[in-house]
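Read the structure below first, then the notes.
Chains as they are written, first to last, in our numbering: chain F, 4 to 98; chain Z, 192 to 587.
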């Protein structure tokens, strides 16, 4: 466990004093299955973006651009809700 | 300069309720349980009569009482509650939340035996069962001490080097319902002594939003526990500083323990709370016959003042530690076990034995205390203790 702070350098009582810092908490290694995005099959309806509980679907200018694997926990809701199903998003086992 | 104190006749519960009135906390959330009921009953009257500004929350259980107190304290309020026995047991998981969130909650506890069999009278099984919850524990011999300890507890809990919750214990019925003469401070003096509560991180501070109660796993949980342990160690010094300041205000001086005719005592009884009063009477009687006996009454049990107690008992030849709760370890009560362990590295170790006494409110009178001192005398003649753990006053 490197890069972690000592007990004298953290706020007491486990209080989080900085808003929005969950982005620093990488949850990607919890994953056993991961969504694999196929850009050619994607119609950019953004249903995956709507349903993703971790805000792990990357979007620019109204179009999907990829998946944030640092935070995606692999729940699979994006692939389930995708109207194109396996043509655009499919779940594959993490190797 | 402090105003004149008022001499009053009050029960322990009434005295504590008046301490609460003078502290005027922002929030009190409580549920009635014998023998604590009077405290919140008197206090609810103060609320109805407009004598305090407190938001008084009636809840459906002690689990909720502690939860609401935790919530109020995290929001930034000076929050208090009170309980006994099963109520304390029902609060158990929330006791850990209060201490680990570092919330300076003050809770008067009126000691009562835990079921079963169902019993409403005094022993210390309730608070002895919560020694590992991260709360400071202060024990009171009398209504006067319960009153004084509650007021001091506010300052101890809220000290920036401590920030831990505090239980202030008194003996159920014996102290809580017995009327005593005591002195209470002027309202203004208590107000000034406790001061205004200024939390550093709190939920209602919308300018600096914070989150309470997040997850901390293998990476940080240990560090938060070490912070709590360090705060508990700091509490020892703070308790003495607050006592010093309180002595200037009240003329009543408190320490981590009280030694009674201890200086040259060869045989010593160590006992908490009201039984210390009974023991003082026996000490006086035996001293008048030229016997070197004394009493050590611990006031603070969390943090455990190990070095100070060992030092205070360094001249003793035989010590009887009296515990008002079973641990079922078969090795004696909690105070005995901890005090005996504290002596492990001491150069001089007195003979030491344990008595489990007064369970479920069984009367412990001067007769039983005489027996304990007499047992110690026999041990000294024998050169070793007759029995490590004795249940005092039991029928076979």
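A virtual CB, placed ideally from N, CA and C, is assigned to each residue, including glycine.
Everything numeric in this text was worked out from a predicted model, so none of it was measured.
- Nearest in C-alpha terms to residue 373 of chain Z, of all of Z:579, Z:200, Z:352, is Z:200.
- The C-beta of residue 392 of chain Z comes closer than 8 Å to at least one C-beta of chain F.
- Residue range 378 to 385 is occupied by the alpha helix (DSSP H) that includes residue 385 of chain Z.
- In the DSSP annotation of this structure, the continuous segment of the beta strand (DSSP E) that includes residue 61 of chain F starts and ends at 60 to 63.
- Contact check between the stretch 349 to 362 of chain Z and the stretch 287 to 294 of chain Z: three or more CB pairs, one atom from each, fall below 8 Å, which counts as touching.
- Judged by their CB atoms, residue 586 of chain Z and residue 548 of chain Z are not nearer to each other than the 8 Å cut-off.
- Taken through DSSP and simplified to helix, strand or coil, residue 361 of chain Z comes out as strand.
- In this model, residue 546 of chain Z and residue 575 of chain Z are separated by some 16 Å (Cα to Cα).
- If you draw a straight line from the Cα of residue 582 of chain Z to the Cα of residue 485 of chain Z, it comes to about 21 Å.
- Remark: fewer than three beta-carbon pairs, one from each stretch, lie closer than 8 Å, so the stretch 60 to 67 of chain F and the stretch 16 to 31 of chain F are not flagged as touching.
- For residue 10 of chain F and residue 348 of chain Z, the gap between their C-alpha atoms comes out near 20 Å.
- Residue 256 of chain Z is not a Cβ neighbour of residue 276 of chain Z, given a cutoff of 8 Å.
- When F:22, F:78, F:48 are compared, the shortest CA-CA separation from residue 96 of chain F is found for F:78.
- Counting along the chain, the unbroken beta strand (DSSP E) around residue 460 of chain Z starts and ends at 458 to 461.
- In the structure shown, residue 327 of chain Z adopts extended strand secondary structure according to DSSP, grouped into three states.
- Using a Cβ-Cβ cut-off of 8 Å, residue 286 of chain Z does not count as an interface residue toward chain F, since no Cβ of chain F sits closer than that to its own.
- Of the candidates F:56, F:57, F:98, F:45, F:45 places its Cα closest to the Cα of residue 90 of chain F.
- Listed by position along chain F, the residues whose Cβ is nearer than 7 Å to that of residue 293 of chain Z are 15, 16.
- Comparing C-alpha distances from residue 405 of chain Z to each of F:75, F:6, F:28 shows the shortest one belongs to F:28.
- Within the DSSP secondary-structure output, residue 570 of chain Z pairs in no beta bridge.
- Residue 392 of chain Z and residue 268 of chain Z have their alpha carbons spaced roughly 11 Å apart.
- At a cut-off of 8 Å between beta carbons, residue 260 of chain Z makes no contact with chain F.
- Within the same chain, and ignoring the five residues on either side of residue 422 of chain Z in sequence, the residues whose Cβ sits closer than 8 Å to its Cβ are 293, 352, 353, 354, 355.
- Between the stretch 519 to 530 of chain Z and the stretch 559 to 575 of chain Z, the count of C-beta pairs closer than 8 Å stays below three; the two stretches do not touch.
- Of all residues in the stretch 481 to 501 of chain Z, none is placed with a Cβ closer than 7 Å to any Cβ belonging to chain F.
- Residue 48 of chain F and residue 35 of chain F have their C-alpha atoms some 26 Å from each other.
- The beta carbon of residue 215 of chain Z is closer than 8 Å to those of 243, 244, 245, 382 in its chain, skipping five residues each way along the sequence.
- In the three-state scheme derived from DSSP, where H, G and I count as helix and E and B as strand, residue 42 of chain F is classed as helix.
- In its chain, beyond the 5 residues on either side, 304, 310, 312, 314 have a beta carbon closer than 7 Å to the beta carbon of residue 551 of chain Z.
- Along the stretch 347 to 366 of chain Z, the positions whose C-beta sits under 7 Å from a C-beta of chain F are 354, read in chain order.
- Annotation: Cβ neighbours of residue 10 of chain F in chain Z (cutoff 7 Å, chain order): 414, 417, 418.
- Residue 258 of chain Z and residue 481 of chain Z have their C-alpha atoms some 54 Å from each other.
- Secondary structure note for residue 492 of chain Z: its beta strand (DSSP E) is the uninterrupted segment 491 to 493.
- Look at the stretch 395 to 406 of chain Z: the residues with a C-beta under 8 Å from a C-beta of chain F are 399, 400, 401, 402, 403, 404, 405.
- For residue 554 of chain Z, not one C-beta of chain F is nearer than 8 Å to its own C-beta.
- Listed by position along chain F, the residues whose Cβ is nearer than 8 Å to that of residue 233 of chain Z form an empty set, because the closest Cβ is around 32 Å away.
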